[in-house]
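A quick write-up on the structure given underneath.
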Amino acid sequence: MDSNTHRKVSFRGSEDFLEIELKDPITHAAGYLGVREALKHTFKEMGVLRSMRTLLSMNQKDGFDCPSCAWPDPEHPSPIAEYCENGAKALGDEATTSHIGADFFQKNSVEELSQLTDFQLNKFGRLIEPMVLKPGSVHYEPISWEESFELIASELKKLNNPDEAIFYTSGRSSNEAAFLYGMFARALGTNNLPDCSNMCHESSGVALGETLGIGKGSTTLEDLYEAEVILIAGQNPGTNHPRMLSALEKCKQNGGRVISINPLEESGLVNFKNPQHIKGWIGGGEDMADIHLPVNINQDIPLIKLILKKLAVLDQEHKNVFDHDFIQKYTNGYDALISDLDTYSSEELLNLTGVSEDKIDETVALLANKSKIIVCWAMGLTQHKNGVENIREFVNLLLLKGAIGKPNAGTCPVRGHSNVQGDRSVGIQHFVDKEMNERIKKHLGFTPPDHEGVDVVGSMKAMFEGKAKIFMCLGGNFVMAASDTEYTAKGLQNCDLTVQVSTKLNRTHLITGKTALILPTIGRSEKDMKNGMPRHFTVENSMGRVKKSKGILKPASDTIMSEPEIIANIGQAYFGDDHPMNWKSLGDDYELIRTQIDQVAKGFNKTKERSEGAGYYLPNNVRDLDFSMLPNGKAQISINKLPLHELAKDEYMLMTIRSHDQFNTTIYGLDDRYRGVYNARRVIFMNSNDMKAVGLKKLDIVDITSTYDTTVRVAHNFKVVPYNIPSGNLASYFPETNVLVPYNHFADRSKTPISKSIKVRLVKK
1 MDSNTHRKVS FRGSEDFLEI ELKDPITHAA GYLGVREALK HTFKEMGVLR
51 SMRTLLSMNQ KDGFDCPSCA WPDPEHPSPI AEYCENGAKA LGDEATTSHI
101 GADFFQKNSV EELSQLTDFQ LNKFGRLIEP MVLKPGSVHY EPISWEESFE
151 LIASELKKLN NPDEAIFYTS GRSSNEAAFL YGMFARALGT NNLPDCSNMC
201 HESSGVALGE TLGIGKGSTT LEDLYEAEVI LIAGQNPGTN HPRMLSALEK
251 CKQNGGRVIS INPLEESGLV NFKNPQHIKG WIGGGEDMAD IHLPVNINQD
301 IPLIKLILKK LAVLDQEHKN VFDHDFIQKY TNGYDALISD LDTYSSEELL
351 NLTGVSEDKI DETVALLANK SKIIVCWAMG LTQHKNGVEN IREFVNLLLL
401 KGAIGKPNAG TCPVRGHSNV QGDRSVGIQH FVDKEMNERI KKHLGFTPPD
451 HEGVDVVGSM KAMFEGKAKI FMCLGGNFVM AASDTEYTAK GLQNCDLTVQ
501 VSTKLNRTHL ITGKTALILP TIGRSEKDMK NGMPRHFTVE NSMGRVKKSK
551 GILKPASDTI MSEPEIIANI GQAYFGDDHP MNWKSLGDDY ELIRTQIDQV
601 AKGFNKTKER SEGAGYYLPN NVRDLDFSML PNGKAQISIN KLPLHELAKD
651 EYMLMTIRSH DQFNTTIYGL DDRYRGVYNA RRVIFMNSND MKAVGLKKLD
701 IVDITSTYDT TVRVAHNFKV VPYNIPSGNL ASYFPETNVL VPYNHFADRS
751 KTPISKSIKV RLVKK
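The C-terminal position of the sequence shown is numbered 765 in UniProt numbering, with every residue numbered one higher than the one before it.
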């Protein structure tokens, strides 16, 4: 694809069809099947005894944090099974006994490997030694750690300015690694610190910052247990955050109600069979969503506007539906919102939602007399052109109900990766925080740059236009995670050097710059030893609690290195001894890093002592009803416009989704048993009436195309699967469909890609 490298590599791998099998979707989550699949996966990858020993340490107070999602651990975790099916799969994936090194890469060229699927690439196993891909070569070859660090330092010193280097961070990294990484970039002179938040919850951070003064949620895990109503919007807990179902189960058992707002009715929100209880093995499980609102893709704003209009009518009838004492004392904008609602007709809003009015009236009746309300959400709200406004509209509902800043109520953005929130808290951000910069100057002894860096969208553009020369990834699979896959791939190939700090092989190791490095690192479950002494990391969960994480397994190889140590060695190679930060010492002693985190990162304090056991919560102004940082010192009720899509007659609205056999871009298997799809990923879910209208039959093969700014993008060879999805809506798995998402269409202000509302056409093969 790139004449400078002469490497003929594929960014999508093989498209050969497997023997697909379709069954009825499963109507419950977890249960016996979940336990069986979890153990089957870990036993196969790790062995029986090794699996059981390690699973017993996952999410325990003296163990290691799950490398999968960021769902918090309870105060008193189950001593036998504080993990879910996907957590077990993530562990087996990381701690596999399959390893690849120099011999593997000598036998397999990057051209050959790139023809394989992402599932096949991941299955080769753990990376166990540093490797380099030299200009013009198609084979990685071994390189020493010292040579790796010197190569990176040498290339950095060739740059015309520091902004020609980009430092991307995945949510898997520890607080210590992320902090050191961010400080290295700033010491170099750039704020080019894009991270995976840019692609998922950046809309949440912007919306919550604008309305409530902090870009994080306000609830704790315990708040969910006794909430009166939990709204779950644009989120699929059964697949993406399975341990959340235990919290919802407690809520239901305490008399709470659950409302699901999502185009698809997902199994985890139909019924949950908790494998920790006998009822989860032989009983009927716990029914979850009391109300399911099958809203059209990205029509959440009209849905909430209609609910608010109906609540306002009840409130005007002196039924005390809104908390006017709270509104007057703590908020701005109530009168403007009520006036704005009056400009919309209920019929117009109802038609946009695609939901029956009976269901909406049932929801209104439930919310009218409740005040302990929690809204949980994920990518189904954030990854739209109006992603920020989506979240602000739900915040409006909470503010009018006084459901903020008190127990069992508030905002709950559910983060997708285990420490993505911690990365941001310790300084992984492309924007300038003047207060943090002052603390860096005071405590670390250097002056950080005061100009904004690039986010993920800016990174893609900079590389594509040849303005970035070095791209380094601290974890992740950037080429497959980012939008507009072919555009992203070409951008990476324009770089002089790409560097991947990784545990497993992925496509970004094959779509590279002229020179490429693979730097293998230890996993979350593995021991981090230095001079015979164990070290530990810290992480922050989705609800703002910081705790330590300490692996128990022998590392995959004696030649791999921890992330903080890799970064520290790069810092030492670049800066030498003539720098205020003692890079070598920081790589050796993580307590030195934690001391600096306490000095520089907002809210961190005595982390060494307080991160023990259950850990400690970072400050959260919303929990204290402190809105002093906002206009007039009050939370902001906002006016949000309706989404505007303007679909052509032959266009559909497509949302990307995960299968039950994947986590982010990591593919564990080829089955999605909750939706009844087996041994296939290149499928597209479609309303059966829509299929009839255009003459499509089950398992017909189609190309999916998207057209933005006259550019046509194509995802080839997908099989059509009839499914219970609203008419005019489609769903298909990512990362296979990321190729359809235009790099230059994203959420206003947050720049999150529009992965959940892509205008597409279907072309029958």
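The beta carbon of each residue, even a glycine, is placed where N, CA and C say it ideally should be.
Within this structure, are the beta carbons of residue i and residue j separated by less than 9 Å?
{"i": "N477", "j": "T508", "result": "yes"}
{"i": "G405", "j": "Y330", "result": "yes"}
{"i": "P631", "j": "S757", "result": "no"}
{"i": "R545", "j": "G615", "result": "yes"}
{"i": "I373", "j": "I230", "result": "yes"}
{"i": "L91", "j": "M46", "result": "yes"}
{"i": "G551", "j": "D528", "result": "yes"}
{"i": "Q383", "j": "S203", "result": "yes"}
{"i": "P564", "j": "G532", "result": "no"}
{"i": "A187", "j": "F604", "result": "no"}
{"i": "D484", "j": "Y652", "result": "no"}
{"i": "K608", "j": "R623", "result": "no"}
{"i": "I704", "j": "V741", "result": "no"}
{"i": "K252", "j": "M288", "result": "yes"}
{"i": "R682", "j": "H660", "result": "no"}
{"i": "L474", "j": "Y168", "result": "yes"}
{"i": "K602", "j": "P580", "result": "no"}
{"i": "A680", "j": "E21", "result": "yes"}
Which term fits residue i, buried or exposed, when burial requires 16 or more other beta carbons within 10 angstroms of its beta carbon?
{"i": "A378", "result": "buried"}
{"i": "F718", "result": "buried"}
{"i": "N4", "result": "Residue placement at N4 cannot be trusted, given a pLDDT of 47 that sits under 50; what the coordinates show is reported in the next sentence. Answer is exposed; the Cβ neighbour count stays below 16."}
{"i": "A233", "result": "buried"}
{"i": "D361", "result": "exposed"}
{"i": "T97", "result": "exposed"}
{"i": "M52", "result": "exposed"}
{"i": "V760", "result": "buried"}
{"i": "R658", "result": "buried"}
{"i": "D223", "result": "buried"}
{"i": "A165", "result": "buried"}
{"i": "V48", "result": "exposed"}
{"i": "M629", "result": "exposed"}
Out of the options, which one is the CA nearest neighbour of residue i?
{"i": "S154", "options": "T515, I307, M52 and S727", "result": "T515"}
{"i": "P74", "options": "Y652, Y708, S542 and V456", "result": "S542"}
{"i": "I307", "options": "E357, A289, P294 and I297", "result": "E357"}
{"i": "N640", "options": "C69, H292, K385 and E19", "result": "K385"}
{"i": "G387", "options": "E21, S750 and K765", "result": "S750"}
{"i": "P520", "options": "I701, G217, D703 and G125", "result": "G125"}
{"i": "T237", "options": "V683, I593 and A29", "result": "The question names Thr, but residue 237 is Pro in the sequence shown. The residue with the shortest Cα to Cα distance from P237 is A29."}
{"i": "A468", "options": "D672, C495 and E486", "result": "C495"}
{"i": "M131", "options": "A88, Q106 and F746", "result": "Q106"}
{"i": "E526", "options": "D93, L474, R36 and T666", "result": "D93"}
{"i": "L349", "options": "G215, G268 and K310", "result": "K310"}
{"i": "Y668", "options": "H41, D290, N332 and A336", "result": "H41"}
{"i": "F43", "options": "S557, K89, T665 and F64", "result": "K89"}
{"i": "D598", "options": "N689, K442 and P753", "result": "K442"}
{"i": "D103", "options": "F464, D700, M463 and E129", "result": "E129"}
{"i": "Q299", "options": "N664, E141, N122 and N390", "result": "N390"}
{"i": "G182", "options": "E228, A336, V426 and S78", "result": "V426"}
{"i": "S137", "options": "N108, L159 and T752", "result": "N108"}
Counting only the same chain and skipping the five closest in sequence on each side, list residues whose C-beta sits under 7 Å from that of residue i.
{"i": "L510", "result": "V9, V110, L113 and S114"}
{"i": "G402", "result": "D323, F326 and S371"}
{"i": "V479", "result": "F11, T485, T488, A489, L492, R507, T508 and I511"}
Leaving out five residues before and five after residue i in sequence, what residues of the same chain have Cβ atoms less than 8 Å from its Cβ?
{"i": "D450", "result": "V432, K434 and N437"}
Report all residues from its chain with a CB closer than 6 Å to the CB of residue i; omit the five preceding and five following residues, and keep chain order.
{"i": "M655", "result": "I297, A731 and K756"}
{"i": "K548", "result": "H536, T538 and S611"}
{"i": "I261", "result": "A233, L293 and V295"}
{"i": "V206", "result": "V388, R749 and S750"}
{"i": "L212", "result": "V622 and A635"}
{"i": "M244", "result": "W71 and P237"}
{"i": "I570", "result": "F149 and I152"}
Report task. Inspect the CB distances between the stretch 687-703 and the stretch 247-259 and report whether three or more fall short of 8 Å. Result -> no
Query raised in the report: Is the stretch 447-463 in contact with the stretch 189-207, if contact means three or more CB pairs nearer than 8 Å?
Result: yes
Query raised in the report: Three or more C-beta pairs closer than 8 Å, one from the stretch 410-429 and one from the stretch 165-184: is that the case here?
Result: yes
Query raised in the report: Can you find at least 3 beta carbon pairs, one from the stretch 141-152 and one from the stretch 704-719, that sit closer than 8 Å?
Result: no
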